[in-house]
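Written out below as structure tokens is the structure these notes cover.
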Amino acid sequence: MPASEHQPVDDPRPEIPLSVIDDHDSPWKDALELYFPQALALLAPGLHAIIDWDVPVIFLDKELQAVKRASTPAQGRRHADKLVQVQLLDGDEAFLLVHVEIQGRLSGAQALHAFGWRMLEYKVLICQRERRKRQSALPPRVYSLGVLIDQPAGDDGQESPTTLTYQDSFLDQQTQFTFPIVELETWRSRWDELDRLAPENPFAVLIMAQLQAAGHPDKTTRLTPLIELHRSLYAYGYTRDAIGRLLRLVEWIVGLPPELETEYLLAARQLEQEHEMSYVTIAERHGMAKGLEQGLEKGLQQGQAGMLLDLVQRRFGPLPDDIIQRIQTASASQLKTWSLNILDATGLEDVFQD
């Protein structure tokens with residue numbers, strides 16, 4: 001078997017776990033929704049090339065939650081998932097499942113076997129659900145992509161795998177499912193490429209943030225890398241609003257400890273003054289000093305409103321002026337409630353339930 005594939009494993013099935021892991025606190029869910037085309041351009045360029053991006057994609061959060069309730073959850077792991085309906089250039093539709101493993105390294109045959117089974121189970125459940133909905137003999141196309149956030153780079157000299165195969169055999173009966181995987185650590189040796197792509201692809205910036213976080217397991221050493229990433233956003237030519245959106249995710253991914261936030265705030269303010277920009281930062285989300293709270297409150301509200309507008313428009317398309325004005329004039333507590341509602345909303349009216 002080529003070095004780019006994990007060997008299938010015929011070990012006995014691992015014990016089935018019973019707990020459900022909440023993945024709502026992951027920046028990767030927001031990152032995939034805000035920058036989905038850009039993410040696929042980096043993670044699955046072949047897939048990106050056959051999608052008709054002139055047709056809006058549809059995020060199927062409610063449908064995915066139904067699938068996950070019917071599946072066997074992974075115990076002791078954190079993950080983020082997105083199920084997305086797209087139209088292909090050939091006019092057909094397809095469903096894309098992007099599964100991001102955030103914590104818990106997939107080391108050992110049993111862990112890989114279990115991960116492969118979960119991906120197969122998700123695919124089968126999605127196919128079953130969509131086939132029944134359409135009352136068709138066969139399901140639509142489903143593309144499964146695994147993204148490994150916390151997977152260490154291999155040290156055996158071999159290339160990192162690009163596929164994973166789940167295989168199960170019993171007498172003359174065999175099940176085999178091969179799907180693509182992306183280990184973000186493989187981008188560490190391609191940092192210069194990320195740097196070249198970053199001005200046009202914001203998802204490249206988020207991969208850089210993850211590599212910096214993984215490269216500095218001691219969080220107290222992450223201040224300088226975070227400031228450098230912050231500085232790079234200006235060099236890449238991003239607008240004020242784009243920097244604000246990206247910084248929210250970059251800061252979340254890097255995970256600076258609270259005791260360093262004041263120092264980061266000072267550095268961020270210096271960068272703002274140098275480039276005559278201001279936007280939502282750690283200080284505006286957490287309130288670094290009482291004397292800044294009133295001034296930062298307005299910035300926080302504007303940042304929340306901008307983020308919610310992006311998410312709602314990404315999910316439901318262009319918004320009427322009255323909805324835009326409603327979001328822009330809402331209180332911080334209303335914006336927080338509406339931002340949570342969007343996770344399960346099936347229509348625009350569901351977002352604005354109090």
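According to the working numbering, the residues represented by the sequence shown are 1 to 354, in order. Cβ atoms here follow ideal geometry from the backbone N, Cα and C, with glycine treated the same way. Quick caveat, the model's predicted, so the values are computed rather than measured.
According to DSSP, alanine 80 sits in a beta bridge with which residue or residues? Val100
In terms of residues, what are the limits of the alpha helix (DSSP H) holding aspartate 54? Careful: aspartate 54 lies outside any alpha helix (DSSP H) and carries neither H nor E.
What are the boundary residues of the beta strand (DSSP E) that glutamine 174 is part of? 173 to 183
Just verifying my parser: in three-state terms, what is the DSSP assignment at phenylalanine 352? coil
Proximity of valine 250 and leucine 265 at Cβ, strictly below 8 Å: no
Alanine 49 to arginine 131 span [Cα, whole Å]: 26 Å
How about asparagine 341 and glutamine 353: do their beta carbons lie closer than 8 Å? yes
Where the beta strand (DSSP E) containing serine 144 begins and where it ends: 141 to 148
Return the Cβ separation of lysine 404 and leucine 247 in integer angstroms, given the expectation that the two are a contact with Cβ distance under 8 Å. Residue 404 lies beyond the stretch modelled for the chain, which goes from 1 to 354, so this question has no answer here.
Tyrosine 143 vs leucine 96 beta-carbon contact at 8 Å: yes
Between the C-alpha atoms of glutamate 349 and glycine 317, what's the straight-line distance to the nearest angstrom? 13 Å
Other residues of its chain near aspartate 344: CB distance less than 8 Å, five sequence neighbours each side excluded: Asp61, Lys62, Gln65, Asp350
Does the separation of the CB atoms of tryptophan 187 and leucine 194 fall below 8 Å? yes
Glutamate 121 (DSSP reduced to helix, strand or coil): helix
Please tell me whether alanine 114 and valine 100 are closer than 8 Å, where the distance is taken between their beta carbons. no
Could you tell me the alpha carbon to alpha carbon distance between phenylalanine 170 and leucine 40, rounded to whole angstroms? 36 Å
For the alpha helix (DSSP H) containing leucine 40, list its first residue and its last residue. 36 to 43
On the criterion of 16 or more Cβ atoms from any shown chain inside 10 Å, does proline 8 qualify as buried, or is it exposed? At proline 8, the pLDDT of 36 sits below 50, so the modelled position is not reliable; the number obtained from the coordinates is stated separately. Proline 8 is buried by the Cβ-count criterion.
CA-to-CA distance, methionine 208 to lysine 123, given in whole angstroms: 30 Å
Curious, which full-length alpha helix (DSSP H) runs of at least 4 residues does the stretch 177 to 248 contain? 191 to 197, 202 to 215, 223 to 235
Alpha carbon to alpha carbon, how far is proline 161 from isoleucine 253? 24 Å
Spatially closest choice to serine 232 from Gly215, Leu206, Pro217, by CA coordinates: Leu206
N- and C-terminal bounds of the beta strand (DSSP E) containing threonine 165: 163 to 170
Give me the DSSP bridge partner(s) of alanine 94. Val86, Arg141
What's the call for threonine 346, buried or exposed, on a 16-neighbour Cβ count within 10 Å? exposed
Assuming contact is defined by CB atoms lying nearer than 8 Å, are glycine 240 and leucine 34 in contact in what I supplied? This sequence places arginine at residue 240; glycine is not what is there. Going by C-beta atoms, arginine 240 is not nearer than 8 Å to leucine 34.
Taking all protein chains shown into account, decide if arginine 69 is buried (16 or more other Cβ within 10 angstroms of its Cβ) or exposed. exposed
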